[in-house]
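Okay, structure first, notes after.
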Amino acid sequence: MRDLKAKRVVVKVGTNTLCKGDGTVDVEYIEGLADQVIEMEKLGIQTIIVTSGAIGSGSAELGLDGINKDVAMKQACAAVGQGILMMAYRDIFKMYGKSVGQVLLTYGAFSDRVRYLNLKKAIEQMFDLGVVPIVNENDVIATDEIEDIFGDNDKLSALVASKIDADLLIILTDVDGLYDRNPLTDENAKLLHVVDEITPEIERMAGGRKNERSTGGMRTKINAAKIAMASGCNMVIANGAIDNVIIRIVKGEEIGTLFTAKKVYTNKQRWILFASPKGRIDLDEGAQKAVREGRSLLACGVTSIDGKFKAGEVVRIGSFAKGISKYSAEEMAELVERCRSERGALSKSNGNVVVENVDIMFTD
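Residue numbers (the numbering used here): 68 to 431.
Structure representation (structure tokens):
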């Protein structure tokens, strides 16, 4: 038995789990999901659902055969399908006396600290009101996931778990977990029950499998695990078709693959680490060495500045770190030029610091 001790759980339901073969919503599955959420509440566990399936549901509603690869068409399908999804969730949870709240997100919500804090407050308020948050990416205006970068809301679910301090992320999919080899082609493939560290070998095992209705594969789930583990959140990949799977997992049954949380960062550190950078700062060798040794980044060590960012936004630092800029791109460029013209005279002043060492997170 596993000792997960979860009090706040994010449950991500993939397209292939939530929808039937023709793309329509599996109402019976949502009924089972609602039943488990109610049971979780009795156990003192708060639940957030991250749902996929808007594009597939919309496509089915419009009678489209498969998914058109045109982004605008996918966005139109998502606009139709999102309403269908939420109506199904609302009607079913209402039978249990529960209200649901729709939370549509883009990845910008995780990059802007004010928006991120507002999101967290809103979800906390939903919990206080007894509302079950239903999260999905706003596919109608966000093309990142549609263009197959983030993968069927896997990364979204991990970011949500990270930002709301969840103890456990459960990703329900159409496979039993992570195997050492592809179980579809190798009958000797073995299921990994526990992963304590994501190594290159683990990433190799992930491979990549998806279909026309789902943008996700095992590789995107491994990337989600990296975020969850770094946030102090355990993560389980399990087959959503298993009876009462969520309850059985939170009660400790060894189902699927468990990725164990190890390193815990502060909320601010997690925000820096997982935010989309607004620009890039490249450094000379001396500045790179200084930053790696734990010192602040000085203007005199900056060799180039790319992008338009504001003071307080996250930027990429070379290819090895991310940090919060103390200046806008224009202000930093002026400071760097001044530093060069005065032949390093500013280096003795704190005014030469463009990124504080406490605001730097390494990514390599």
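Backbone N, C-alpha and C fix where the C-beta goes; we use that ideal spot for every residue, glycine too.
query, result
"Start-end ranges of the beta strand (DSSP E) lying completely within the stretch 369-419, minimum 3 residues", "369-373, 381-384 and 388-391"
"DSSP-derived helix/strand/coil call for Asn290", "helix"
"Cβ neighbours of Lys377 in the same chain (closer than 6 Å, five flanking residues each side left out)", "Ser395"
"Simplified DSSP assignment, three categories, for Ile231", "coil"
"Local conformation of Met296 per DSSP, three classes", "helix"
"Close-in-space but distant-in-sequence residues of the same chain around Ile304 (CB under 7 Å, 5 per side omitted)", "Ile238, Thr240, Gly244, Leu245, Lys288, Gly323 and Thr324"
"Cβ neighbour criterion (16 or more within 10 Å) applied to Pro344", "buried"
"Helix, strand or coil at Tyr183 according to DSSP, with G and I counted as helix", "helix"
"Cβ pair count under 8 Å reaching 3, the stretch 103-114 against the stretch 142-149", "no"
"Segment contact, 8 Å Cβ cut-off, at least three pairs: the stretch 304-318 with the stretch 197-208", "no"
"Within-8 Å CB hit, Lys72 to chain D", "Among the chains in the structure shown there is no chain D, since it carries only a single protein chain."
"Separation of Lys79 from Ala295, as counted between CA atoms", "13 Å"
"The stretch 180-194 in contact with the stretch 118-131 per 3-pair CB rule at 8 Å", "no"
"Status (buried if at least 16 other CB within 10 Å, exposed otherwise) for Arg383", "buried"
"Backbone CA spacing between Gln142 and Ile122 [nearest angstrom]", "7 Å"
"Buried or exposed by the 16-neighbour rule on C-beta atoms within 10 Å, applied to Leu251", "exposed"
"Simplified DSSP state of Arg75, which is helix, strand or coil", "strand"
"Range covered by the alpha helix (DSSP H) that runs through Phe429", "From DSSP, Phe429 is part of no alpha helix (DSSP H) but of the beta strand (DSSP E) over Ile427 to Phe429."
"For Asn220 and Val117, the rounded distance between their alpha carbons", "7 Å"
"Simplified DSSP assignment, three categories, for Tyr246", "strand"
"Proximity winner among Asp426, Ile309 and Glu321, relative to Gly99 (alpha-carbon distances)", "Ile309"
"Option nearest Pro267 by Cα separation, candidates Asp247, Gly346 and Ala354", "Asp247"
"Contacts around Lys257, its chain only, beta-carbon distance under 8 Å, and the 5 residues preceding and following it disregarded", "Tyr246, Asp247 and Arg248"
"Delimiting residues of the beta strand (DSSP E) encompassing Leu171", "Ser166 to Leu172"
"Selected residue, minimal CA-CA separation from Phe429, among Ser229, Asp253, Ile372 and Tyr332", "Tyr332"
"Beta-carbon spacing of Val94, Ile159 below 8 Å", "yes"
"Three-state class that DSSP yields for Ala305 in the structure shown", "strand"
"Extent of the continuous alpha helix (DSSP H) to which Arg315 belongs", "Val312 to Val317"
"C-alpha distance - Lys74 paired with Asp234, whole-angstrom precision", "6 Å"
"Minimum C-alpha distance to Leu85 - residue among Ser386, Ile105, Asp373 and Met153", "Met153"
"Residue range of the beta strand (DSSP E) that includes Asn83", "Element bounds for Asn83: not the beta strand (DSSP E) but the alpha helix (DSSP H), Thr82 to Leu85."
"Distance between Gln169 and Lys188 (C-alpha atoms, nearest Å)", "15 Å"
"Proximity of Thr327 and Asp263 at Cβ, strictly below 8 Å", "yes"
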